[in-house]
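Novice:
Residue numbers (my numbering), protein chains in the order written: chain A, 11 to 321; chain B, 10 to 314.
1. Could you check if residue 266 of chain B is buried or exposed, using at least 16 other CB atoms within 10 Å of its CB as the buried criterion?
2. Scan the region 277-311 of chain A for residues whose Cβ lies nearer than 8 Å to a Cβ of chain B and list them as they occur along the chain.
3. Applying a beta-carbon distance threshold of less than 7 Å, which residues of chain A neighbour residue 158 of chain B?
4. Report the residues of the region 276-287 of chain B with a CB closer than 8 Å to any CB of chain A, ordered along the chain.
5. Do residue 196 of chain A and residue 9 of chain A have their beta-carbon atoms positioned less than 8 Å apart in this structure?
6. Kindly list the residues whose CB is nearer than 7 Å to the CB of residue 100 of chain A, restricted to its own chain and excluding five residues on each side of it in sequence; keep chain order.
7. Consult DSSP for residue 199 of chain B and reduce its assignment to one of helix, strand or coil.
8. Under a three-way DSSP split, which group does residue 67 of chain B fall into?
9. Where does residue 58 of chain A land, buried or exposed, given buried means 16+ other C-beta within 10 angstroms?
10. Can you list the alpha helix (DSSP H) stretches of 4 or more residues lying completely in the region 74-120 of chain B, in chain order?
11. Using a C-beta to C-beta distance shorter than 7 Å, which residues of chain B count as neighbours of residue 154 of chain A?
12. Look at the alpha carbon of residue 74 of chain B and the alpha carbon of residue 277 of chain B, and state the distance between them as a whole number of angstroms.
13. Measuring CB to CB, does residue 179 of chain B end up less than 8 Å from residue 121 of chain B?
14. Please report whether the beta-carbon of residue 261 of chain A lies at a distance below 8 Å from any beta-carbon of chain B.
15. Residue 109 of chain A and residue 121 of chain A look like a contact to me (Cβ under 8 Å); what is the Cβ gap, rounded to whole Å?
16. Applying the criterion that 16 or more other CB atoms from any shown protein chain within 10 Å of the CB defines a buried residue, is residue 78 of chain A buried or exposed?
17. Are residue 300 of chain A and residue 263 of chain B closer than 8 Å when you measure CB to CB?
18. If contact means a Cβ-Cβ distance below 8 Å, which residues of the region 21-32 of chain A contact chain B?
19. Just the chain B side, please: which residues come within less than 9 Å of residue 157 of chain A by C-beta, in chain order?
20. Note down, in chain order, each residue of its chain lying with its Cβ closer than 7 Å to the Cβ of residue 279 of chain A, except the 5 sequence neighbours on either side.
21. For residue 313 of chain A, which residues in the same chain have their Cβ closer than 6 Å to its Cβ, ignoring the five residues on either side in sequence?
22. Would you decide whether residue 107 of chain A is buried or exposed? Buried here means 16 or more other CB atoms lie within 10 Å of its CB.
23. Starting from residue 2 of chain A, trace the alpha helix (DSSP H) both ways and give me its first and last residue.
24. Within the continuous alpha helix (DSSP H) that includes residue 90 of chain A, where are the two ends?
25. Could you give the residue range of the alpha helix (DSSP H) that holds residue 72 of chain B?
26. Relative to chain B, which residues along the region 139-151 of chain A have a C-beta separation below 9 Å, given in chain order?
27. Less than 8 Å between the CB atoms is what I'm expecting for residue 3 of chain B and residue 217 of chain B, so what's the real figure, rounded?
28. DSSP on residue 197 of chain A, reduced to helix/strand/coil?
29. Tell me which residues of the region 222-245 of chain B have at least one Cβ-Cβ distance to chain A shorter than 7 Å, keeping chain order.
30. At a CB-CB cut-off below 8 Å, which residues of chain A make contact with residue 248 of chain B?
31. Which term fits residue 201 of chain B, buried or exposed, when burial requires 16 or more other beta carbons within 10 angstroms of its beta carbon?
32. In chain D, which residues lie less than 9 Å from residue 258 of chain A when you measure between Cβ atoms?
33. Would you mind working out which of B:55, B:257, B:253 sits nearest residue 169 of chain B, comparing C-alpha positions?
34. At a CB distance below 7 Å, what residues from the region 189-218 of chain A approach chain B? Give them in sequence order.
35. Chain B beta carbons: is any one of them nearer than 8 Å to that of residue 265 of chain A?
36. Could you check if residue 86 of chain B belongs to the surroundings of the ligand PLP, using beta carbon to heavy atom distance under 7 Å?
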């Protein structure tokens, strides 16, 4: 309960940072909407219509209220409601991140746990080396490698992902999504493998696992009954943390492939200095991020009785 | 084991060597492993390029190697060893100019982040609980935002220039360093030797500079490399999104962005691969060194705290 409250306060703090961060900017929304040739009277009228003549606190309150009810305001650059700009784009982003989570998470968890089962083996060392390298490489490097492999060498997948997904066959859909999703899988996999391996190894070095080894419990049974069940909390924590990283990764990957999702929209917003768009979408991204962080926090908390019942 | 440490070792039971003590200072017996050496060599190479790049580059940053011909995305050839980019410029020369910019901005930003983070962090650790709580809460709010999102908001607000990039990255990454140094400060504050110093009647400043800082210094420095990697990735990602270093100035992240078109035309893909590979080799090499050093000094700081 206390954690939920802390989470709520964080969201409020985030909204204040985003709102006032975009408010201190030079440049006036009314001026941008009307262009350079607008007369002072026109600008004043527009300011009144947009509510810019009211005190900051009132503006913030209206904005927050609108955000909660799903009204993200009107874009400055395009002069249409933000929700209209978002249109189908949110589906695209959800499909890509959802599929990444569905495919990437189980595979990397399996790899990480396998590494923890045979620490120090050749497999483990190769895995560690690859994930150490991948964790430090930028997303667009991974993307470039994958484009070289898939598009140039194997001739499957598209280097630029555009167009609608309606009415496409399975094969075309795979071509459509293959590269962005594979890239994102690599992005989260490197962290996920390292952290899940560490989580299981941590449990494996605890006294009760040592005890189980000493009394001759088979290795498989130790892993599945003793280690994995106790590592479950930390693993959920690790997964939630990495899905939060996905929020950042998806921005670069969408831009790289020219994918029409929410992230490309917000980057366009920054380029055209469309503050209303940045506020709305920025808030949306941060909200998802904070919620995932909160889940990570709660998972760590719920899985550890010592944290649950502090002395 | 060098002679230098023998008198330490003698004081412990057999089987417990000096290495096994937490936070053993990387002393003269520290040796890089094979991968560590690869890291050192690659990083040295890039520092060399960053410093000398503008002097030894075959062309200027925005010069055209083939001014007479239409030469977008040329393949590597004599005169342009890594081919040309989207505006007919020499990729190799831009790479050399960009090295200094990418690495310089990241290094300065990391230093700034350390300065802010360490001063506030140790300050919070030794000051009254109230001050500590306020600063920590503000820091937590900052830490709970995706860094790239904060970067986007700041760049949208004040526009992008190199000083803005350094300050933005410095402030964003100072929050994690604040957390580390505060935790270290807290840990050291309750040790016997600090209590002894307090009992002696030493002032707060004396305790910070003579007792806490010397003990917090080494773990923080070991962590510097890791933070540097994140800052390099952050700066490059911003540049890649078109919100970092602005054209026509070269920087590795923006070079990838400018030349993405090469992947569609399939002419010369070196214009994309070269800068992306440069960033990757640099960050992976730093990571190899960090792994080596932190394995020696008892694991990564962030994992231990």
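Cβ coordinates follow ideal geometry from the N, Cα and C atoms, glycine included.
Specialist: So, to answer that:
1. buried
2. 277, 279, 280, 281, 283, 285, 288, 292, 295, 296, 299, 300, 303
3. 292, 295, 296
4. 278, 281, 282, 285, 286
5. Lying before the first or after the last residue shown, residue 9 of chain A is absent from chain A, which here runs from 11 to 321.
6. 272
7. coil
8. coil
9. exposed
10. none
11. 281, 282, 285
12. 16 Å
13. yes
14. yes
15. The Cβ separation is near 18 Å, so there is no contact.
16. exposed
17. no
18. 23, 24, 27, 28, 31, 32
19. 272, 278, 281
20. 287, 288, 291
21. 243
22. buried
23. Since the displayed chain A opens at 11 and closes at 321, residue 2 of chain A lies outside it and no answer follows.
24. That residue, residue 90 of chain A, is in no alpha helix (DSSP H); it is neither H nor E in DSSP.
25. Element bounds for residue 72 of chain B: n/a, residue is neither H nor E.
26. 139, 142, 143, 144, 145, 146, 147, 148, 149, 150, 151
27. Residue 3 of chain B is absent from the structure shown; chain B starts at 10 and stops at 314.
28. helix
29. 238, 242, 245
30. Per Cβ cutoff of 8 Å: no residues; residue 248 of chain B is ~10 Å from chain A at best.
31. exposed
32. No chain D appears in the structure shown, which is made up of the protein chains A and B.
33. B:253
34. none
35. yes
36. By its list of ligands, the structure shown contains no ligand whatsoever, and the ligand PLP lies outside what it can speak to.
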